[in-house]
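This report refers to the structure that appears directly beneath it.
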Amino acid sequence: MQNRSHDRSLARAAGRFHPSTNGKEEEIPTDGGSAEEEAEFNWEEYMEESGTSAAPHTAFKHVETSLRSSFQPGMKLEVANRAGADTYWVATIVTTCGQLLLLRYCGYGADRKADFWCDVMTAELHPVGWCTANGKTLAPPQDNLYLRKAIKEKFSDWTDFLVQELTGSRTAPANLLEGPMRGKNTVDLVVEASLMEVRDPSSPALYWPARVVRNVGGRLWLRYVGLGGGGGDEDPQGRDFWLFYLDTRLRPLGWASENSLSLEPPTELRSLKSAPEWQEALEAAQQEGQAKPLPLEVFKDHTDPPRHSFSTGMKLEMVSPWKPQCICPVSVTKVYDEFYFQVTADDLSPEATPASLVCSALTPGILPVQWSLKQGVGMERPGGYAGQDFDWADYLKHSGTEAAPDTCFPDEWKNRDFSKDTWLEAVNPLVPSEVCVAKVTQVKGRLMWLRLEGVSKGLSECIADVESMDIFPVGWCEANGYTLTTPHKPVCQNQKKIAVVQPEKQLAPPHPSRPPPPTPARRSALIQARPTVATAAQRSSSTTGASRGPT
52 MQNRSHDRSL ARAAGRFHPS TNGKEEEIPT DGGSAEEEAE FNWEEYMEES
102 GTSAAPHTAF KHVETSLRSS FQPGMKLEVA NRAGADTYWV ATIVTTCGQL
152 LLLRYCGYGA DRKADFWCDV MTAELHPVGW CTANGKTLAP PQDNLYLRKA
202 IKEKFSDWTD FLVQELTGSR TAPANLLEGP MRGKNTVDLV VEASLMEVRD
252 PSSPALYWPA RVVRNVGGRL WLRYVGLGGG GGDEDPQGRD FWLFYLDTRL
302 RPLGWASENS LSLEPPTELR SLKSAPEWQE ALEAAQQEGQ AKPLPLEVFK
352 DHTDPPRHSF STGMKLEMVS PWKPQCICPV SVTKVYDEFY FQVTADDLSP
402 EATPASLVCS ALTPGILPVQ WSLKQGVGME RPGGYAGQDF DWADYLKHSG
452 TEAAPDTCFP DEWKNRDFSK DTWLEAVNPL VPSEVCVAKV TQVKGRLMWL
502 RLEGVSKGLS ECIADVESMD IFPVGWCEAN GYTLTTPHKP VCQNQKKIAV
552 VQPEKQLAPP HPSRPPPPTP ARRSALIQAR PTVATAAQRS SSTTGASRGP
602 T
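Every position in the sequence shown, counted from 1, becomes a number in the numbering used here once 51 is added.
Have a look at this one:
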C-alpha cells in the first residue's frame with residue numbers, strides 16, 4: 052500500500068518539475084487550482100476517495116459487442132501446412148481472442164485435441180477458394196496421420212470430403228485476411244471518410260448518405276453528404292451528429308435503393324441547397340462508395356426492430372428526448388408500418404409546436420402509462436395542463452384515448468447490474484460531443500438517473516435507459532483517446548509544496564494534439580480492467596486530445 056501511495060505521489064507531481072540533473076529533491080510550489088491539476092483526473096483515485104466503484108463493464112452491451120473480433124466461430128479458411136511446402140488445408144474457427152484465432156482442421160469433427168492457435172497478422176491464412184484460384188494444393192498435413200486416416204475411412208479422396216464439409220458453410224472474408232483491414236475488430240473497419248446511409252430522424256422511409264469524420268471506439272462523428280468535407284474540422288452550424296455504429300439508423304451504402312426506400316436530403320436541411328446540388332453530392336458519394344466500399348461486416352451485429360403492436364392514439368410515457376431529465380406523456384400520432392411508429396409529446400397549449408420522434412418497439416426510454424407512479428418518480432405534466440396534479444385516469448377519460456397495453460413494451464426490464472452510486476462515462480444529451488464523468492444516483496427498472504460532473508452550463512442530470520448507446524464504462528474515453536469532462540475542482544488559495552526526486556536526466560513527455568488511437572487489444576484491456584494510476588504522459592495525452600467534434 053505504501054508503494055502504491057508513493058507511485059501516486061510521483062504521478063501527481065510528474066510534469067511539474069524544474070529542469071535538474073543533480074538528482075536532488077526539490078520543493079516546488081504549486082497552485083492547487085491550476086490547469087495542470089485539472090488535467091490530472093484519475094478514475095481510481097477519484098473512486099477511492101469517495102469509497103465508490105465503477106459500473107461493471109459487462110453492463111454496457113454495445114461496448115462489449117464493439118470489442119469482438121470480426122471473425123466468427125464456424126467460419127472456414129485455408130491454412131498453410133507447417134510440414135508441407137505450398138500445401139494447405141481447410142480449418143474452422145473455434146473461437147477468437149483479439150487477433151488470435153483458435154482453429155480446428157476439418158476432419159476432426161468435435162474432437163478438440165488438435166486445436167491450435169494462430170495469429171491472423173503473421174500466419175498464412177486465406178479465404179476458402181484461394182488455393183483453387185492460385186493453383187495451390189489442398190491436402191491434409193503430411194505429419195497428421197490421424198487426420199489423414201480419419202478422412203480416408205469415409206472418403207476416397209480429399210475433394211469429396213471438402214465438398215461435403217464446405218457445402219453451406221461460411222468462409223472468412225478475404226478483406227479480413229489480407230490488406231489494410233487484416234485482423235481488425237469490426238469497429239475498427241469504420242475508418243475516417245467511410246460512407247454509409249442514415250435514416251432520416253423524421254421518417255423511416257427516407258435515407259441520405261453521411262461521411263464518418265471520426266470513429267471514437269465505435270461512436271461515429273458523422274456529416275451528411277453535401278454539407279462539406281470529411282475532415283475533423285469544427286462544425287459551427289451544428290449540423291454534424293453522433294451515432295454509435297450499432298445504431299439501426301445506420302445502413303450500408305445502397306441499402307435504401309435495394310429496399311425500395313427513398314434517398315432524400317435530411318428534412319430539416321433540405322432548404323440549404325438546391326435539388327441539383329444535392330443530387331450532385333449524392334452521385335459523387337455513390338461513386339466514391341463503390342470505389343471504397345465499407346465492409347459489410349460492420350453491420351453484422353445490427354439488431355433489426357421487432358414488429359410492434361402500437362396503434363394511432365395510444366398514450367404512453369417516455370424519457371423526453373427534448374428534456375432528457377424528465378419523463379413526459381406522449382401519444383402515438385402515426386404508424387408507418389409494422390416496425391416503426393411516431394410519438395409526439397403531449398402539449399395542450401394553443402401555440403404548441405409539435406415535437407415528434409420516430410420509434411420502434413425497442414426504442415430506449417418508452418414506458419407504459421403509470422410507470423412513473425409505480426416507480427415513485429415524478430413525471431412532467433403536458434404543456435397547458437390545467438390541474439396541479441397529473442392523473443392518468445382522468446387525463447385518458449377527458450381526452451377519449453387509451454393507454455398502450457403493457458404487452459407493447461419489451462419483456463426484459465432488467466437493469467443490467469447497474470446500481471446506485473456507481474460511476475460511468477456518459478454523453479451530455481445537450482452537447483453530444485461531450486462525454487462526462489457520471490454517477491448513477493438511482494435506478495428504477497430499466498432507467499437510471501445520472502449526475503453529470505463538470506458540465507459548464509445547462510444540464511447536470513439526465514435519465515438514461517440501460518440500453519442506451521450513449522453510456523460507457525469507466526476508462527472508455529482514455530482507451531479511445533478522447534477528452535473526458537471531469538469534475539470541477541475547488542480553487543485552493545494556499546499554495547502547497549510537493550517533493551519531487553529528480554532523476555539524472557529528464558525527458559519531457561509528449562503532448563500530441565491528437566493522440567493516436569490505441570490498438571484494439573490495448574483498448575479492450577483499458578475498458579475491461581479496473582482503472583489504474585495513469586502516468587503523467589498518459590494523462591497529458593488524453594486531456595490534450597483531439598477535438599471533440601460537433602456540439
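Glycine included, every Cβ here is placed at the ideal spot set by N, Cα and C.
Rounded C-alpha distance that separates residue i from residue j
i: Tyr258; j: Leu273; result: 14 Å
i: Tyr97; j: Phe350; result: 37 Å
i: Gly160; j: Gly125; result: 12 Å
i: Val383; j: Pro372; result: 15 Å
i: Val276; j: Asp298; result: 19 Å
i: Ser407; j: Ser101; result: 41 Å
i: Glu512; j: Gly505; result: 11 Å
i: Leu475; j: Cys379; result: 25 Å
i: Arg467; j: Gly438; result: 37 Å
i: Trp306; j: Glu248; result: 7 Å
i: Gly149; j: Leu278; result: 37 Å
i: Lys187; j: Ile514; result: 59 Å
i: Ile144; j: Thr537; result: 42 Å
i: Asp251; j: Asn310; result: 15 Å
i: Ser423; j: Ser220; result: 49 Å
i: Arg497; j: Val517; result: 6 Å
i: Leu128; j: Val370; result: 47 Å
i: Asp388; j: Asp162; result: 48 Å
i: Ala134; j: Gln193; result: 6 Å
i: Trp443; j: Glu95; result: 45 Å
i: Ser450; j: Leu418; result: 19 Å
i: Asn479; j: Val114; result: 18 Å
Proximal residues to residue i (C-beta, below 8 Å), its chain only, five neighbours per side dropped
i: Lys471; result: Val491, Thr492, Gln493, Val494
i: Gly435; result: Asp398, Leu399, Ser400, Pro401, Ala403
i: Val209; result: In the sequence as displayed, the identity of residue 209 is Trp instead of Val. Counting only Cβ-Cβ distances below 8 Å, and skipping sequence neighbours, we find Leu189, Ala190, Pro191, Ile202.
i: Lys425; result: none
i: Cys169; result: Val130, Leu151, Leu152, Leu154, Leu176
i: Ala165; result: Arg155, Tyr156, Tyr159, Asn195, Tyr197, Leu198
From the options, residue whose alpha carbon lies closest to that of residue i
i: Ala223; options: Val420, Asp251, Gly268, Val171; result: Val171
i: Tyr139; options: Pro178, Leu118, Val428; result: Pro178
i: Leu271; options: Leu501, Asp521, Gly526, Leu535; result: Asp521
i: Ser411; options: Glu453, Cys377, Thr354, Ser450; result: Thr354
i: Thr534; options: Ser484, Gln193, Phe295; result: Ser484
i: Ala455; options: Met430, Pro538, Cys377, Glu368; result: Glu368
i: Gln393; options: Thr363, Leu418, Pro415, Pro375; result: Thr363
i: Arg300; options: Phe390, Gly230, Gln376; result: Phe390
i: Thr173; options: Cys157, Leu152, Trp443; result: Leu152
i: Asn185; options: Leu217, Gln215, Leu213, Asp137; result: Asp137
i: Glu529; options: Val486, Tyr387, Glu518; result: Val486
i: Ala256; options: Pro357, Glu315, Gln338, Gly289; result: Glu315
i: Gly289; options: Leu312, Gly268, Glu319; result: Glu319
i: Thr294; options: Arg262, Arg321, Leu323; result: The identity of residue 294 in the sequence shown is Leu, whereas the question assumes Thr. Nearest C-alpha to Leu294: Arg262.
i: Phe523; options: Phe111, Asp239, Thr237; result: Phe111
i: Glu431; options: Lys374, Ile417, Leu447, Ala332; result: Lys374
i: Lys343; options: Glu216, Asn226, Pro405; result: Asn226
i: Leu228; options: Met499, Lys200, Ser121; result: Ser121
i: Ala244; options: Cys182, Glu339, Lys448, Glu334; result: Glu339
Endpoints, the alpha helix (DSSP H) within which residue i is located
i: Ala326; result: 326 to 342
i: Thr116; result: 112 to 117
i: Glu100; result: 94 to 101
i: Cys528; result: 527 to 530
Cβ neighbours of residue i in the same chain (closer than 6 Å, five flanking residues each side left out)
i: Ala106; result: Phe469, Thr473, Leu475
i: Asn266; result: Val241
i: Ala131; result: Tyr139, Glu175
i: Ser360; result: Cys459
i: Cys182; result: Glu129, Tyr139, Leu189
Sequence-distant residues of the same chain with beta carbon closer than 7 Å to residue i, five excluded per side
i: Ala336; result: Leu246, Pro260, Val276
i: Pro415; result: Asp516, Glu518, Ser519
i: Val386; result: Phe361, Ser362, Thr363, Phe392
i: Lys324; result: Gly277
First through last residue of the beta strand (DSSP E) which encompasses residue i
i: Val141; result: 138 to 148
i: Trp373; result: Note, Trp373: premise wrong, no beta strand (DSSP E); not H, not E.
i: Ser382; result: 378 to 386
i: Phe392; result: 392 to 396
i: Arg265; result: 257 to 267
i: Arg274; result: 270 to 275
i: Leu128; result: 127 to 131
Minimum length 4: unbroken alpha helix (DSSP H) runs contained in the segment 284 to 311: 306 to 309
Any alpha helix (DSSP H) of 4 or more consecutive residues that is wholly inside the segment 410 to 467: 422 to 426, 443 to 450
Residue ranges of each alpha helix (DSSP H) within the segment 152 to 234, 4 or longer: 181 to 185, 196 to 203, 209 to 217
Runs of beta strand (DSSP E) lying entirely within the segment 494 to 520, each at least 3 residues, in chain order: 498 to 503, 512 to 516
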